[in-house]
Amino acid sequence: MSISWYDFLIMSGLISGSVVPSVKENVINWNYDDEKHRVENHLESLGINFISNYDSIIILDPMLDLDEVDKLLQQTYKGGVESGWGNITRNIDLVEPPMRGIVVQINRLGLITTGSCAGHIRKDGRTLPWLSFCTMKDTQVALELFKSFSIPVQYYFRDGIQLSAERDELYQLSLKLSEIRNIDHITNSIFETRKQTLLELLRIPGETGNEEAVREYVLDELEKINSLRNYLDFGVDNMGNILGSTISLRTGRRDHGRSTEDSGKNMLLAAHLDVKRKFSSSDQLIERNNIVSRENGILGADDRAGVAIILNLLKEVVNYREVPPLKFIFTVGEEKGQYGAESIDPDFFEDVSFGISLDRGNCKDIVYKSSSKEYSNPEFAKRVARVSSRIFSEENEFVPCEGRISDLRVWSDKDARPCVNLSVGYFDEHTDKERLDLICWDRTHQLVAELIGRFSLG
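If you use the working numbering, the sequence shown corresponds to residues 1 to 458, in order.
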């Protein structure tokens with residue numbers, strides 16, 4: 001199978017295709033110099049004969065067969081470590097040849113890679129190709145992107161994916177990626193899937209003391225997750241709280257998240273099921289400019305927004321190759337003195353190293369203390385803020401602050417078990433003006449996913 005010289009340049013990672021040069025047979029025209037000079041240097045290093053004019057390159061050699069490409073590119077492979085977009089095209093020799101085109105195209109689409117491997121044959125079998133990314137969000141989007149090509153793919157480690165593809169398939173994949181102009185359809189699909197969980201929860205009444213319907217919804221969703229991969233252990237305590245944990249393949253099943261002798265440290269996710277006041281499910285939800293409100297009465301985003309985030313993240317964790325050590329709580333009675341949290345057996349928290357509560361209004365707060373108690377030491381709150389600053393622009397970074405009393409007061413220990421409460425995007429809670437900013441709400445998904453990866457998976 002012969003390939004055009006333009007396809008060869010894509011496969012080689014020598015051009016990104018973001019500004020497509022005009023191509024006619026073996027004549028490639030440019031109106032920008034930087035990329036043209038880089039291609040000339042690479043063609044020369046590969047021993048490919050060409051003539052370079054002011055705005056074009058004429059390749060004199062006959063077209064290559066696909067099976068010749070890998071052998072040719074191996075000549076310039078130096079090995080090394082990628083450092084993300086801005087450097088990778090200029091230092092393409094650091095990347096293994098079959099991954100070069102893929103890495104360049106993925107970075108062009110805005111998914112920033114930090115490493116890659118084309119896979120190798122070893123005595124104990126073959127290792128598969130993989131890509132690693134700067135953020136968990138980029139990893140998730142890349143996973144869905146490769147799924148859209150019907151390529152078997154799975155999470156490999158905290159921020160990486162593994163592809164089941166042969167070397168020639170990797171070269172062909174770079175050509176498919178070069179045809180994609182943007183990945184908005186994938187990011188929008190992830191957002192819409194998450195939002196659907198939220199809207200379903202917002203349609204279920206459940207003021208304090210009447211949480212049965214929303215509790216049944218959450219339990220059904222957890223059962224659906226386990227039908228895909230049986231990795232959650234959960235149950236309901238005498239007060240009506242839902243307590244659970246992930247099941248580690250190394251430590252086995254737990255009793256509704258209660259600690260066992262061989263269990264390690266866990267990250268805790270928490271939200272409450274009850275809302276402050278009654279509302280009618282017949283009152284329409286209004287969505288306008290990514291703001292959700294209710295036609296009449298309170299919205300109930302305090303704290304259905306937090307419940308939805310935890311459920312969505314548990315659904316997404318099902319794709320992880322190694323299940324992170326998580327515990328989760330959906331409490332009752334938060335709006336009336338946190339009596340649900342008060343009733344939880346203290347043994348549940350013995351193997352929790354830190355906690356994230358999802359029950360704060362606004363868009364970028366990290367509540368680590370109230371007027372009467374510190375839930376976390378300042379340093380832990382700053383660590384969360386640093387993770388935020390790494391994945392968000394400056395105006396969207398989360399900031400440590402003081403907040404109100406919540407369930408955190410029950411299980412937090414500022415030194416042994418620091419806990420913080422993150423904004424989930426609602427405003428004017430408990431009033432008829434209550435509304436939820438969906439962009440802020442989705443941003444909290446991104447932050448918590450990053451925290452799961454960094455603090456739970458290492």
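The beta carbon of each residue, even a glycine, is placed where N, CA and C say it ideally should be. Just so it is clear, the structure is predicted and the values come from calculations on it, not from any experiment.
Where F234 is concerned, the enclosing beta strand (DSSP E) starts and stops at L232 to V236. The shortest CA-to-CA distance from N182 to any of I106, H120 and S116 is the one to I106. Its chain contains N290, I291, C363, G425, Y426 and F427 as the residues whose beta carbon lies nearer than 8 Å to that of D437, once the 5 sequence neighbours on both sides are disregarded; these appear in chain order. V292 is bridged by DSSP to E287 and L436.
The Cβ atoms of L232 and N226 sit closer than 8 Å to each other. Residues of the same chain with a CB within less than 6 Å of the CB of T127, apart from the 5 flanking positions on each side, are G119 and H120 in chain order. Relative to L358, the option among V236, P378 and A308 whose CA is nearest is A308. Under the Cβ criterion (8 Å, minimum of three pairs), the region 264-274 counts as touching the region 332-351. Contact check for V384 against I405 fails: the beta carbons are separated by 8 Å or more.
With a beta-carbon spacing of about 16 Å, N241 and L326 fall beyond the 8 Å limit used to define contacts. Annotated as proximal: G297 and S280, with beta-carbon spacing under 8 Å. Assignment of H272 by DSSP, reduced to helix, strand and coil, places it in the strand class. Beyond the five residues adjoining it in sequence on each side, R194 comes within less than 7 Å, by CB distance, of N312, D442 and H445 in the same chain, given in chain order.
Distance from S376 to K414 at the Cβ level is roughly 5 Å; contact confirmed, criterion being Cβ atoms closer than 8 Å. With contacts defined by Cβ atoms closer than 8 Å, L145 and I186 form a contacting pair. In the same chain as R409, and ignoring 5 residues on each side of it, the C-beta atoms closer than 6 Å to its own belong to K373, in chain order. Taking a C-beta distance under 8 Å as the contact criterion, L46 and L72 qualify as a contact pair. By the CB criterion at 8 Å, R294 and D283 fall inside the cutoff.
C-alpha of Q74 to C-alpha of S189: approximately 38 Å in a straight line. According to the DSSP assignment, Y368 belongs to no alpha helix (DSSP H) but to the beta strand (DSSP E) extending over D365 to K369.
Its Cα nearest to that of L173, the residue P97 stands out among P97, N230 and G235. Residue pairing of C419 in beta bridges, as defined by DSSP: G355.
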